[in-house]
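**Q** Quick one: this structure, given as structure tokens, is what I'll be asking you about.
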Amino acid sequence: MERTLSALVNDRPGVLARIAGLFSRRGYNIASITVGVAEHPGFSRMTIVSAGDDATASQMVAQLLKLVDVIDVEDITREPVVRRELALIKVQTDKVTRPEISHILEPFRVSIVDVGHTSITVEVTGDTQKVDALLALLEPYGVLQIARTGVTALLRAAARESQPGVRIAEGL
Amino acid sequence: MQSQAQIAVESVLEIPPETSSRAVGASLAVNTGADLLCSLLLQAGVEVIFGYPGGAVLPIYDALFHAPLRHILTRHEQGAIHAAQGYARVTGRPGIVLATSGPGATNLVTGLADAFMDSTPLVVITGQVVRHLIGSDAFQEADIVGITMPITKHNYQIRDIAELPQVVADAFYLACSGRPGPVLIDMPKDVSAGPAVPAHLPLPGPRGYRLPSVPEPLAIARIRAVIAAAKRPLLYIGGGIISAGATELLREFARRCRIPVTTTLMGLGVYPEDDELFVGMLGMHGKYAANHAITDCDVLIALGVRFDDRVTGKLERFSPHSVKIHVDVDGAEINKNVPVHYPLVADVRDVLAALNADPPQPDTEQWRARIAGFEAEWPLQFKAEAEFLKPQAVIELLAQATGGTAVVTTDVGQHQMWAALFYPYSRPRQWVTSGGLGTMGFGFPAAMGAQVALPDATVICVTGDGSLQMNIQELQTVVENGLPVKVAIINNGFLGMVRQWQQFFHGKRYAQSKIGSPDFVRVAEAFGALGLRATTPSEAAAVIEQALAHPGPVFMDFVVREEENVFPMVPAGKGNDEMTLEWEEV
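Set out below in structure tokens:
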């Protein structure tokens, strides 16, 4: 099954390489990985989407925790989380199709971020299903290019206290 | 977490109080980064460095010229790192390696991988090209930090000399604490040649590094209850007991609970061979009784082990009836290969100490009688011959001549298994072998490093004619440094284990396993060492006696039966109870 891991790591050169290397060496697939600065300087938060059964997922967590630069990891697959992905989609358009596409885009609450004579670029944010659904609808018009960020996620307020990042405040 | 990591470096490194190196290091004149490195190494209690100079480490060697640090110049960087491993394995203290950038660094890769697999503490320093040339494919540039990421516990590149004191402190702490392992520090040449100011070795505190906490009483109570109710309990112990310094606690536990003990290859020496509870080594070439005991036990107490494939055999047949308890300091070893019922991530010392406070008392009398029955069915054996030398006989003669007290190092293959099976180990850190990685060429330089650490000990390298030739150049190092290493060459003219597999599984097609050797006696003499040869048991006894009496290094060339095989053998893909005990031609 699909797994979402949230990791708090030291913001140091090579950390991404260590994590990517660990996944490839142990034979774990990376569907997507997002990295950005965390709430305190010197830390990054990574969201890794992978696949595996429960045993594989707990091995992933244990192996990640062994890396010195990894402060904390949590398998948030079954947790209440906010899960978002951003995609930029460039679609072929002409005078005939442009109004049709606008209709399709409406319920998705996307932004049109670039308009050309033969194409438009839309920005969509949401969970993976939403992005996939929009893509499927735009496919018949000719999708020229796609850039997706991959999923990033955070535990919801209702989730338990062991949320990655909490420990920064404890003076790590 | 921070407070846990902030343990004084002396206690982690077990720096003897009488050593003055800390004070000397702190008072060393520091002008350059290299001076600072030497000062910090001294403050960390370092006495010996195994290394090889080159362009990118010239500033460090320049600093070493004056620093009170002993340096052993090997003949190959691989020899240096295996020597450091030998030093670390017999002392428990980190082995220190110094090599230059590019090829010097890449020659360390095998040793790093070996040390990582066998949890050996090393602090390895490599030179790197000057900072502004990094990434330009400069002369002797290699991305050693990238290359060694998956085979080190952690690694660093020093971009700013101000980072060095904390990095050195953290490197020693990481190498020695928890599950030990190799740590690499890459030093660009302009950093080591550049200016630096003196610094005290700070407290270690690598952010993000965690050690397990003391186990909960409830977890201990559960384990105790499971063991107390066992009818056929078995202790399955490994190198983790040695790393943790838990040998005495383990022996006490086994004796007070009357639980039989089997060890992995890496755990040899933890439990004395002559003790009635000792069942012997288990696994692919384990003892008959040990492999049957692990198959039949009802509670398996796995301490400081990692359920390696050479131990488990076919997983579906591995100890199929047992409730499994697994204690390890490395959380990633839990449920990695074999699912267990009672996992406990902890320092095995803490667990054994807690259990010994009120040891469970299972009734093991019938079970021990059953294991004795296994032992009687097929005790360890070989067919000795009066006129021809058998490899097993060589090991037995070495054991007799040394009273079973020598430090034994090995390479990898048949000789390694015979040395594991036929030499009676009685103390931890007596046995130094390449277990996980299976590195040919390990044994001889490891013996050299062991002898550097223990100048008065009898150190025997049991090796093969193939393995010895992989790092035979270190004979020059051994001779130059007056290290009286005794090398016992089990010379069968073959890469014996490869040949054994070809005989059993590849229709006796001995592809590239017949290997020629130089005249080892004359090789020894050419290097200025003593060379001796034996072809019969009586000659072998005389050669061993002469070698042990000789004050310097010796090559003992034991010309043995070519096609002798190691038994028992669990063929790949078979269960531990499906051992082959002799080979029958089909």
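Which chain is which? The protein sequence lines are E and X, in order. According to our numbering, the first sequence is numbered sequentially starting from 23. According to our numbering, the second sequence is numbered sequentially starting from 64. Virtual Cβ for every residue (Gly too), placed ideally from N, Cα, C.
#1: Using a threshold of 9 Å, state whether the C-beta atoms of X/Phe728 and X/Val515 are closer than that.
#2: Quick check: X/Val408 and X/Lys387, are their CB atoms within less than 9 Å of each other?
#3: With 16 as the cutoff for other CB atoms within 10 Å, does X/Ala589 come out buried or exposed?
#4: Going by DSSP in three states, E/Asp97 sits in which element: helix, strand or coil?
#5: Could you name the residues of chain E that X/Ile695 contacts, counting a contact when the two beta carbons are closer than 8 Å?
#6: Starting from the N-terminal side, write out each stretch of the beta strand (DSSP E) that is 3 residues or longer and does not extend beyond the region 97-134 of chain X.
#7: Which residues in the same chain as X/Pro122 place their Cβ atom closer than 8 Å to its Cβ, once the five residues preceding and following it in sequence are excluded?
#8: Looking at chain X, is there any beta carbon in it that lies within less than 9 Å of the beta carbon of E/Asp136?
#9: Show which residues of chain X have a CB atom less than 7 Å away from the CB atom of E/Val92.
#10: Here's the rule I'm using: 16 or more other beta-carbon atoms within 10 Å means buried, otherwise exposed. How should E/Lys117 be labelled?
#11: Out of X/His348, X/Leu313, X/Glu608, X/Phe507, point me to the one whose CA is closest to X/Pro335's CA.
#12: For X/Thr598, name the three-state secondary structure that DSSP assigns.
#13: Along chain E, in chain order, which residues have C-beta atoms closer than 9 Å to that of X/Leu237?
#14: Closest Cβ-Cβ distance between E/Arg47 and chain C: below 9 Å?
#15: For the candidate residues X/Ile286, X/Gly570, X/Ser489, whose alpha-carbon lies nearest to that of X/Thr326?
#16: The beta strand (DSSP E) spanning E/Glu107 covers which residue range?
#17: Need the endpoints of the alpha helix (DSSP H) that E/Lys88 sits in, please.
#18: Is the separation between the beta-carbon of X/Thr169 and that of X/Asp177 shorter than 9 Å?
#19: In angstroms, rounded to a whole number, what distance separates the CA positions of X/Thr436 and X/Phe370?
#20: Is there a C-beta anywhere in chain X that falls below 9 Å from the one on E/Pro63?
#21: Measuring only between beta-carbons, confirm whether X/Val362 sits less than 9 Å from chain E.
#22: Between which two residues does the beta strand (DSSP E) harbouring E/Glu24 extend?
#23: If you follow the alpha helix (DSSP H) that X/Phe485 is part of, which residue opens it and which one closes it?
#24: Would E/Val90 and X/Pro269 be called neighbours here (beta carbons separated by less than 9 Å)?
#25: Find out if the Cβ-Cβ distance for the pair X/Phe557, X/Glu625 is shorter than 9 Å.
#26: Under a Cβ-count criterion, where at least 16 other Cβ atoms within 10 Å of its own Cβ denotes burial, should X/Trp430 be classed as buried or exposed?
#27: How big is the Cα-Cα spacing for E/Leu30 and X/Met250?
#28: Does the distance from the C-beta atom of X/Thr137 to that of X/Leu171 stay below 9 Å?
#29: State the DSSP-derived secondary structure class of X/Trp646, mapped to helix, strand or coil.
#30: Taking 8 Å as the threshold, find out whether the region 63-71 of chain E comes into contact with the region 119-130 of chain E through three or more Cβ pairs.
#31: Under 9 Å between C-beta atoms, does X/Val208 make it to chain E?
#32: Short of 9 Å Cβ to Cβ, which residues in the region 190-217 of chain X face chain E?
#33: Work out the CA separation of X/Gly118 and X/Ser199 for me, nearest whole Å.
#34: Could you tell me which chain X residues have their CB closer than 7 Å to the CB of E/Leu27, listed as they occur along the chain?
#35: Is any heavy atom of the ligand SAM found at a distance shorter than 8 Å from the C-beta of X/Gly271?
#36: What first and last residue would you give for the beta strand (DSSP E) that runs through E/Arg67?
**A** In terms of the structure at hand:
#1: Because chain X is modelled from 64 through 649, residue 728 of chain X falls outside the range shown and cannot be assessed.
#2: no
#3: exposed
#4: strand
#5: In this structure chain X extends from 64 to 649, so residue 695 of chain X is not present and cannot be described.
#6: 111-114
#7: Thr95, Gly96, Ala97, Lys252, Ser255, Ala256
#8: no
#9: Gly271
#10: exposed
#11: X/Leu313
#12: coil
#13: Val90
#14: Of the chains in the structure shown, none is chain C; the protein chains are E and X.
#15: X/Ser489
#16: 103-114
#17: 76-88
#18: no
#19: Note that residue 436 of chain X is Gly in the sequence shown here, rather than Thr. Near 26 Å, if we compare the C-alpha coordinates of X/Phe370 and X/Gly436.
#20: no
#21: no
#22: 24-32
#23: 477-485
#24: yes
#25: yes
#26: buried
#27: 28 Å
#28: no
#29: coil
#30: no
#31: yes
#32: Val208, Gly209, Met212, Pro213, Lys216, His217
#33: 17 Å
#34: Going along chain X, no residue has its Cβ under 7 Å from E/Leu27, so there is no contact; the nearest lies around 14 Å.
#35: Absence of the ligand SAM is noted for the structure shown, with no ligands found whatsoever.
#36: 65-73
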